[in-house]
Structures are given as C-alpha cells and as structure tokens.
Amino acid sequence: MLRTSPPRDPHVTERLPFIPGVAAADDKRVDDLLARLTLDERIALLHQFTPGVERLGLAAFRTGQEALHGVAWMGPATVFPQAVGLGATWNEDLVRRVADAVSAEVRAMRARDDRVGLNVWAPTVNLLRHPLWGRNEEGYSEDPCLTAAIATAYTRGLRGDHPTYWRTAPVLKHWLAHNNETDRDTTSSSVRPRVLHEYDLKAFRRPVEAGAVAGVMPAYNLVNGRPNHVSPYLREQLRTWTEQELLVCSDAGAPSNLVDSEHYFATHEEATAAALVAGVDSFTDHGTESSTITGRVRRALDQGLLSETDIDTAVRRQLDVRARLGEFAETDPFEDVRDFDTEAHRDLAAEAAEQAVVLLKNDGLLPLADDTRIALVGLLADACKTDWYSGTLLHRSTPLDGLRERFGTDRVSYAEGVDRIRLRCAAGLLRVPDAPAADDAARGAEGALDPALLAGRTDLPPLTTDPGHGTELALVDWGNGVLTLRAPDGRYLSVADDGYVRASADEPGGWVVQETFTLEPHQDGHLLKHTGRGGYVSVAADGVKVAAPDENGTVFDVEFVERGEDAVARAAADADVVIVVAGNDPHINGRETEDRTTLHLPPHQDRLWRAARAANPNTALALVSAYPYAVPDAHAELPALLWTAHGGQAAGRALARVLAGDVSPAGRLPQTWYAADADLPDLLDYDVVGSRQTYLYFEGTPLYPFGHGLSYASFGYADPSLRQGAGTLELSVTVTNTGDRTADEVPQLYVRPLGMPVPRPRRQLLAHRRITLAAGASERVTFTVPVADLGHWDVARGRWSVTTGSYELLVGASCEDIRLTTALTVEGDAPAARPVLADGLDAAAYDEQSGTEIVDRTKTHGDAVTGAGELLYRACDFGGDGVTGVRVEAAGEGTVELADGCRIEVPATDGPYDYVTVDADFTATGVRDLRVRLGGGVRIARLTFVPRGVDA
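Per my numbering, the very first residue in the sequence shown carries number -8; after that it's consecutive.
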C-alpha cells in the first residue's frame, strides 16, 4: 500500500533548481529607475515599443522577437524543424540544445541589428487538442506532460546557463485554452475546472515552475465567456507558481479587440484599465505607434479606472526582465556570444530533422539498399517549405537533394506530379513575360529567386495574352479548391498592391497569401478567382489584373497539357522503389488565421500516390506536413509510410538518411492520428473529458496512436521494479536492443487508474526517455514520478486529489503498444460525497453536462453556466435530516429545474451580470445525484440548500 503525501497539484518530473531573478545591484537599479521615471515616461513603457529615456541612460526597448524554431522575421538564420517536429523527437536534451543555438543567434543578430529583440515570444505551449487547428505546427503535443517537458527544455535553452543573466527572455504562448483560428477573437472556450487544472494549465505551469520563463502572452480567444486579456487566472494561477516576476505581453491588437470585436467593454479606457489591472504589462497594439495605447492609459488614470500603483507594478515587471537580460550590468554579459550559422548549428539542425522523422508503417520495404533505383515523386519531393514563423533559409535541402546526394543522381528519377495547363480566353492564351535579366542578381546560389526581392514587386511586367503562344503553367490543387499556378522558371503567379497578376513570388507566403486562386465553373469555362483580394482575374488592355470583388472576370478554358498522375506513373514504372512525398504548404489551408476543414489529403495528392502504387507496388508515402492526416487507404495498400513535420533547412538530407538506413527512425507521434473526420469532436468543444478527446479519453481506434513510431531495430522490455520514495514513485525497466543495428528507443511510462468514482483517462503519460542502444546492448531506465501525478482535480473538494485505489503503471513503445504492466495500490483520498450543505454548489463544478456552456459570472472573476441543457452533480450529501429548500443565484431569464418537480422561474434581470437569488421548496435526503436542467437564457452561478429545521 502506497501512501501519498498531502494532496497538491503535480510538479515537474525532475524539479529544476530555482534561478534567481537579478543581481542585487540590478535590483537596486530597477528601484532607482522606477523612482525617477516621470508618470508619462512610465506610461510610455507600457507599449510594445518603448522609447529610451536619455537622461536616465535607459535605452529604447521592444517586447517580442519570434523564435519558435529559429530566429524569425529578421532575415537569414538557422531554421530548425517546426515545433510539432521538435515535439516528435521526444528528446528534451536535443530541444534544449536547439533553443541554446537559437538564443545564441538572437544575440549574434542583435549585435549587428538592434531591431532584433531579446524578449522572445516562444515557445507555444497550447496543447494540440484538435488536429484541424490551423496552428498545429506551433505546438508540441496533445499531451500536457510531453508538452511541458519539451517546453521546459526549450525555455531553458533560450534562457541560457549564465548564473545571473538571461541570454533571452522567453514568453509562453498563448494563455489559455486556445485551439481554433475560426473567429478566434470572439469565440469562447468552455473549460470546466477538471479540464482547466488537469489539461490546459498543466502545460503552462511546469515550465514556469522550472524557473526559465520570463512571462506569458494571453490568447485572442475568450475562456468561459471572458477574454484572456482580462483573465483572473493570471493572478489566481500563473503568478502563484513562481517567486520571480513574470511579464505578460498582449497579443497583437488584442487590447483593442476587447472593445472593437468582442464588445466586452464600452470604451477603450475601460478595456485598457481592466487588462492592466488583470495583469497585462505590455500592450502590443497599433504597431510602432504607441500614442493610442498611452493615451488610453492616461485617460483611464484620469477617470479613476486604475491607479499609479497599477502602472508601477507593470513597469517594474518590464524593468525586471530588462535587468535579467543584463541591460543594467556594468559590462555586457553576453558580449562573446556571436555564434551564427556555425557548423555546430548546421549539424544540430540536421540532427533535429533526423530525430523528428516518424516511421508509421514498414512491411520490410525500408531501409533502401545502396543500389536501389528510386523514383522520387510528389508535390513536396523537391520542396523545402518554411512557415509563418520561420527565418529566411541560409541553406536548403529538399528530399530530391538529399536522395541524389545519398544514392547518386543516376539512381534517382523525379516527377513532381503537377498538372500542366494552359489558360485560354477570348483574347488568346495567358503568357508570362520573361523576368528582366537584372533579376539574375536576385537568385541565390541554387538558382532560387529570393522572395524578399520579388514578391509584391510592381516593376515586373504583368501577365499578358498571346493569340498563339501561351505559357505552360504548373497547377497544384492544395485542397478545398485552392490552387497555385507557377511559371516554368519557378516563379509563382502573385498579385501586388496594384492588382496586376505577375510571376513574382518564389513561394506562397505573407499574412494574406497573394499566390492562391480558385477555379469556378462558369458558362462553358471557368472564372479564376484570387483568394487574397476576393476578385476575379480579368484580361485588360494593359495586362492581366484582379477585378474588384463585385466586377466580372474573364472566362478561361483550362487546357491540360499533362496530368500529374501520368508523369508519376511513368517515373514509378521504371524504378525499384517509389517514394511519394506529399503534405501541405504551411501558408495554405491550415495556418494562423485559418483552420483546416478535413483530415484527408487533398484529392490531387491522393491521386498521385494511387497512381504510383498502381504502377509499382513498392511504393512508400512520406508525409511532410504541419499536422496529421487521415490516410487509411494508404496505410492498407502501401508497404511503408513515414511522417515528418517541415524539417527546416536540413529536411531533405534527414529524410534521405532515414530512408537509406543511415539513421534508424525514432521519432514518435506527439498527437493521435485519427482515421476519419467522424472521429473528431467539434472544433470549439474544449471539454476533453466529456467529449472523450485525445489519446487520454478517445475510445475509438486511431489510425496511429499517440507515441507511435517504428524502428529498423527491435527492442525488448524486462525486469520491472517499483520503489516508493518520499512522495514519489520510482519504476525501473531494462530495455534491450534485440536488433542488428544501433538505434534509439523511446520508453514511455503511462498510468491507468482502475475503478475510479469519476471518469479518468484510459491511460496517461507520466514520463518518457529517449535512449540510444547499440545492437545487443541494454540499459536500465528509471522513471521517477511524483505520486501527485496520479491525481485529478476533485470538483467536490475544489482541489487536487489522489484517490485511494488501484492503478496500473504501463511501460511501452506507445500508448497502445504496452510491453510491461505493474500493479499499484495507493492510499490517498477516500471517495467522499460532495458536502453541499456547508458549501453549496458552484454551478460550473459539475461532474457531467449536456447542452450547456460556462460563461463569466462577472467581468472580473467567477464562472456561471448557461444554455438549454442539463448539469449532473454526483454524490451530493444532503445530510441525514435532509433539506427543504434551495436558493439559486442566477441572472438573465429562464427556468431552473431540479428533481422531484422543483421548477424555479428566474425573472428577467438587468443584464447578464445582475444576479438575483430565487428561493424554492426542494426536498432531498442523504447522498444522491443532483440533476439541474436549465431553460431559456438563464445563467446560474450557485445553488445553496436550506437544511430541515432552518428558516430560508
């Protein structure tokens, strides 16, 4: 029998030492500055772009430098795999080394460009709850334990290992429960207490407790009806987890959203004051123009909506971060950190890309022998894609580059699989004029056009028409009818500010992508619509342009020169093995501002792998994507499948080395791969417990489970032993490489609670380890886990609880591939009834619900429940004498029904926050479940009960 320590929230598996904030001298400098800054100067520090104060020797400063998987937006830098790819490595040591390199490049780039910021907005720790979320590429995992482990490693690398000062100051994104781009600034995530504490908060809490986080960024969405930028959890949760100051930076434009789109406050002064009082310290709004925000702060102060103390608190947090960065030190503590695009960084990018590759299926086709004749086909076969948060590539390796380097040019044939077309209209065929000869200077060493020099240019000639000679265009349909068109020299058709269509982009990109179109059937042909501007392409006398959205476009006939699947079939027929590289472009159909609509591959790419398979059964599908796909047919019909996120600058070489067997794959899926769209909940359903989401609760059969990944070696697990420490569990197993080659394995430890009184996860990750074993070698792997990690949030008690009972500790190679099971009995909190007589019932602390949502009780704190639905509160203890009445605290208008015919009419109130109490007769005795049904627009906050013999 294992006894638990007093119940508490779970902590990091390996508790890291607390890192002091700043040196004493710097702390005094902060105090001195705060005392000497004028009120206007302090207010000016609240904007993202803060001016310098020359008389105090205070330099200008800005919050915010994107560094999700390399330094972004500031020009060339080392580009590492996407965050979801780093999550797929399951390797904290590697991720910390990646972040260490990123922070070194931040310092190196700042030394030559002071626009590069040291307050970095990374990592993203939002859980990948729903695979259709457009920003799936930015997170690490659907699991809070794995996410927290990888995020802690990344923040510690960004922070650096200086004993006093921080190399960069990382900010976690995006607080809180943020997993949809659709209407992201107006939708509310209904998050009940169990999901809040067991799932969403956990991903943030553990990195903060580890001591290397400088702050957080609130998300655009609302949680329980309240915008995250005025979240009480910033005070009630976040800032209780650490002794050091935390800087809260708003997301871009979100302070204005409080009034403009969310209509949560009537005036910007109210909104700005509320955000500042809630804990937002730096306002990212109106770009570099700070006067709008500072004016709002000043007027809010004048109106008594906030105090100078509120301003000083936020300013102190800003100055504290700057002190930690060494700004007030006598000499620059990072003067010698100038590592940029070093050989070590290039090697690390390659290592990370290799470790991120996941082998999904292999019936013996892989690895490939050195003399294999390979047909490499697919839309991403010669692509090295970047995303919105990538830096500019200094180096670039596509799968074609990698395979030809590894196997030889003569052994690798290539077919992209695009549809080759011409577009004809009444005036003739569309023609792409040649690029001016001077543009040769804009080409890199490999001949690719520099998108920074070409995209959006208006000096290049627009498309024209020619009666007899049109340009053959490469058409790719990326799904949902969204397509790109590319000229023979590689330039994408794009639309500049003047509306003309030019071949002027190296890749699709930009906040509003200007390189995508749709074809709409019209009359006997098609209209070509530009997705970015919303207008139709029209042929004019001075060139091809995009008409206004309400104007007619030109009707085009699409003349197919060649179908992509025909080219793929030809290449496949002449090879020993076919590798189809499919996936997404990170700027199209799934990205920031745009959720996906389906898990399935676009039809164009589906046709390509089927054509390859028909021509040659030895076909492998390599998916290179920012998110999971549902590919059950490919799994059934193809002998091998792989997945990797977009792997940065070394992606192609890494994939080739895995295919060749130079590296045994050991990436593991950081999220469930579902078999069909029907397996998914609604995108806006955040109740992972109630709707059985993620591997924790999903009861169906996934296409590939969480933690899945195969190897070219095999591994045995043996000799489990369990020991009890002081509030910890220590489970050891022996892992042996039973294969014939050196390979990595990722042992994973899960817990399965048995026979619990409340729904618990089917299994839950507690710890993991990535190890390297030579053929025949063994390693004793020990997992040390706090007993508290076996617990859950007890809604009846309002605290963390480990329940007395039976548990199984499971060790295996994925959540479904369990190799060893160890039984465990824990003595913790005995199941107990809910003490409703003494405490009443908070409406949102339900056990189950249907048809309801949690909303804000007031604008500043608390939750209520609304909706035409039902709430269930299990095992409520009404006492031996029972109760004779109930009092409902409610707002709005509608009905509240309890069992035994108790129906309460709530009269209309003056707004959603004008609560009234309504009394009614209600009898109940002993321990019983309570069901509460809501009707109309009522919102209830609390129920209290009148014991028998007590007057109401």
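Think of the CB as a built atom: it goes at the ideal place given N, C-alpha and C, for glycine as much as any other residue.
These numbers come from a predicted model, not from an experiment.
Query - Runs of beta strand (DSSP E) wholly within the region 389 to 430 (minimum 3 residues, chain order) - result: The region 389 to 430 contains these whole beta strand (DSSP E) runs: 403 to 406, 410 to 416, 419 to 422.
Query raised in the report: Based on the DSSP secondary-structure assignment, which residues constitute the bridge partners of residue 715?
Result: Along the sequence shown, one-based indexing puts residue 715 at 724. Beta-bridge pairing links residue 715 to 720.
Query raised in the report: Would DSSP call residue 100 helix, strand or coil?
Result: Counted from its first residue, the sequence shown places residue 100 at position 109. Note: residue 100 maps to helix in three-state DSSP.
**Report entry** Own chain partners of residue 403 with C-beta closer than 6 angstroms, once the 5 adjacent residues on each side are dropped
**Finding:** For the purposes of this step, residue 403 is taken as residue 412 along the sequence shown, with counting starting at 1. Only 365, 367, 394, 395 meet the Cβ criterion.
Query raised in the report: Using 8 angstroms as the Cβ pair cut-off and three pairs as the minimum, do the region 745 to 758 and the region 773 to 790 touch?
Result: Contact holds: three or more Cβ-Cβ distances are below 8 angstroms.
Query raised in the report: If you measure from the beta carbon of residue 140 to each beta carbon in chain D, is any gap under 9 angstroms?
Result: Among the chains of the structure shown, chain D does not appear; only one protein chain is present.
Query raised in the report: Helix or strand or just coil, what does DSSP make of residue 481?
Result: By 1-based counting over the sequence shown, the position of residue 481 is 490. The three-state reading of DSSP puts residue 481 in coil, since its state is none of H, G, I, E or B.
Report task. Give the range of the alpha helix (DSSP H) segment to which residue 650 is assigned. Result -> The residue you call residue 650 lines up with position 659 of the sequence shown. 642 to 651 is the span of the alpha helix (DSSP H), which, as asked, contains residue 650.
Report task. In the DSSP assignment, find the beta strand (DSSP E) that holds residue 240 and state where it starts and stops. Result -> Within the sequence shown, the letter at position 249 stands for residue 240. It is not in any beta strand (DSSP E) - residue 240 carries neither H nor E in the DSSP assignment.
Report task. Identify which residue in 708, 814, 709 has its Cα closest to the Cα of residue 744. Result -> Position 753 of the sequence shown, counting from 1, holds the residue named residue 744. Of the listed residues, the one whose Cα sits closest to residue 744 is 814.
Report task. Starting from the Cα of residue 749, find the closest Cα among 707, 649, 864, 769 and give me that residue. Result -> The count along the sequence shown starts at 1 and reaches residue 749 at position 758. Ranked by how close their Cα comes to the Cα of residue 749, the residues 707, 649, 864, 769 have 864 in first place.
Report task. For my contact list, residue 183 and residue 835 are in at a C-beta cut-off of 8 angstroms; report their separation, rounded to the angstrom. Result -> On the sequence shown, residue 183 is found 192 positions in, with the first residue counted as 1. On the sequence shown, residue 835 is found 844 positions in, with the first residue counted as 1. Beta-carbon to beta-carbon, residue 183 and residue 835 are separated by about 6 angstroms, close enough to satisfy the 8 angstroms threshold.
Query raised in the report: Going by C-alpha distance, which of 917, 848, 647, 695 is nearest residue 359?
Result: As a working note, residue 359 is residue 368 in the sequence shown. Looking at the Cα atoms, 647 is the closest of the given residues.
Requested in this report: Specify, as a first and last residue, the run of the alpha helix (DSSP H) that residue 233 falls within.
Outcome: Sequence index remark: in the sequence shown, residue 233 carries index 242 (1-based). For residue 233, there is no enclosing alpha helix (DSSP H), as DSSP marks it with neither H nor E.
Requested in this report: With DSSP collapsed to three states, give me the class of residue 850.
Outcome: Position 859 of the sequence shown, counted from the start, is the residue given in the question as residue 850. Coil at residue 850, not helix or strand.
Report task. Run through the region 111 to 179 for me and flag every whole alpha helix (DSSP H) of 4 or more residues, listed as ranges in chain order. Result -> If we require 4 residues or more, the alpha helix (DSSP H) runs fully inside the region 111 to 179 come out as 135 to 150.
Query raised in the report: Can you give the beta carbon distance from residue 253 to residue 686, rounded, assuming they're within the 8 angstroms contact cut?
Result: Against the sequence shown, residue 253 aligns to sequence position 262. Against the sequence shown, residue 686 aligns to sequence position 695. Actually they do not touch by this definition, with Cβ atoms about 33 angstroms apart.
Query raised in the report: Do you know how far the Cα of residue 638 is from the Cα of residue 580?
Result: The residue you call residue 580 lines up with position 589 of the sequence shown. The residue you call residue 638 lines up with position 647 of the sequence shown. C-alpha separation (whole angstroms): 19 angstroms.
Requested in this report: Give the straight-line distance between the Cα atoms of residue 772 and residue 79, rounded to the nearest whole angstrom.
Outcome: As a position in the sequence shown, residue 772 is number 781, starting the count at 1. As a position in the sequence shown, residue 79 is number 88, starting the count at 1. Here the alpha carbon of residue 772 sits roughly 20 angstroms from the alpha carbon of residue 79.
Query raised in the report: Who pairs with residue 630 in a beta bridge, going by DSSP?
Result: In the sequence shown, residue 630 corresponds to position 639, counting from 1. According to DSSP, which records beta bridges pairwise, residue 630 is partnered with nothing at all.
Query raised in the report: Under three-state DSSP, which class holds residue 705?
Result: Mapped onto the sequence shown, residue 705 falls at position 714. It is coil, neither helix nor strand.
Query raised in the report: Measuring CA to CA, which of 507, 837, 868 is closest to residue 823?
Result: Taking the first residue of the sequence shown as position 1, residue 823 is located at position 832. Comparing Cα-Cα distances from residue 823 to each of 507, 837, 868, the minimum goes to 868.
Query - Distance between residue 138 and residue 461 (C-alpha atoms, nearest Å) - result: For the purposes of this step, residue 461 is taken as the residue at position 470 of the sequence shown. For the purposes of this step, residue 138 is taken as the residue at position 147 of the sequence shown. Going from the Cα of residue 461 to the Cα of residue 138 covers about 52 angstroms.
Report task. Check the DSSP bridge columns for residue 784 and list the partner residues they point to. Result -> Taking the sequence shown and counting its residues from 1, one reaches residue 784 at position 793. Beta-bridge pairing by DSSP links residue 784 to 791.
Query - Burial state of residue 294, where buried means 16 or more other Cβ atoms lie within 10 Å - result: Here residue 294 is taken as the residue at index 303 of the sequence shown, counted from 1. With fewer than 16 other Cβ atoms within 10 Å, it is exposed.
Report task. Below 8 angstroms on the Cβ atoms is my guess for residue 807 versus residue 696; work out the distance and round it to an integer in Å. Result -> The sequence position of residue 807 within the sequence shown is 816, counting from 1. The sequence position of residue 696 within the sequence shown is 705, counting from 1. Rounded, the Cβ-Cβ distance is 4 angstroms, consistent with contact.
Query raised in the report: For the beta strand (DSSP E) that contains residue 331, what are its first and last residues?
Result: Counted from its first residue, the sequence shown places residue 331 at position 340. It is not in any beta strand (DSSP E) - residue 331 carries neither H nor E in the DSSP assignment.
Query raised in the report: So, helix, strand or coil for residue 531, using DSSP?
Result: As a position in the sequence shown, residue 531 is number 540, starting the count at 1. In the structure shown, residue 531 sits in a strand (DSSP, three-state: E or B).
**Report entry** For residue 354 and residue 627, the rounded distance between their alpha carbons
**Finding:** Counting from 1 along the sequence shown, the entry for residue 627 is found at position 636. Counting from 1 along the sequence shown, the entry for residue 354 is found at position 363. Annotation: residue 627 to residue 354 spans about 11 angstroms, alpha carbon to alpha carbon.
Requested in this report: Would you list, in sequence order, the uninterrupted alpha helix (DSSP H) runs of no fewer than 4 residues that lie entirely inside the region 494 to 572?
Outcome: Counting only runs that start and end inside the region 494 to 572, the alpha helix (DSSP H) elements of at least 4 residues fall at 555 to 564.
**Report entry** At least 3 beta-carbon pairs within less than 8 angstroms: the region 379 to 391 vs the region 54 to 74
**Finding:** Yes, the region 379 to 391 touches the region 54 to 74.
Requested in this report: Using beta-carbon positions only, say whether residue 851 and residue 914 come within less than 9 angstroms of one another.
Outcome: What you label residue 851 is simply residue 860 of the sequence shown in a count that begins at 1. What you label residue 914 is simply residue 923 of the sequence shown in a count that begins at 1. Against a cut-off of 9 angstroms, the Cβ pair of residue 914 and residue 851 comes out as no contact.
Report task. Would you check if there are 3 or more beta carbon pairs closer than 8 angstroms linking the region 276 to 296 to the region 241 to 251? Result -> These segments touch.
Query raised in the report: Around the C-beta of residue 715, are 16 or more other C-beta atoms found within 10 angstroms, so that it is buried, or is it exposed?
Result: Counted from its first residue, the sequence shown places residue 715 at position 724. Exposed, by the Cβ-count rule.
Query raised in the report: What did DSSP end up calling residue 82 once you bin it into helix, strand or coil?
Result: By 1-based counting over the sequence shown, the position of residue 82 is 91. Note: residue 82 maps to coil in three-state DSSP.
Query raised in the report: Taking buried to mean at least 16 other C-beta atoms within 10 Å of its own C-beta, is residue 324 buried or exposed?
Result: Along the sequence shown, read from residue 1 onward, the residue named residue 324 stands at position 333. Looking at its Cβ environment, which holds 16 or more other Cβ atoms inside 10 Å, residue 324 is buried.
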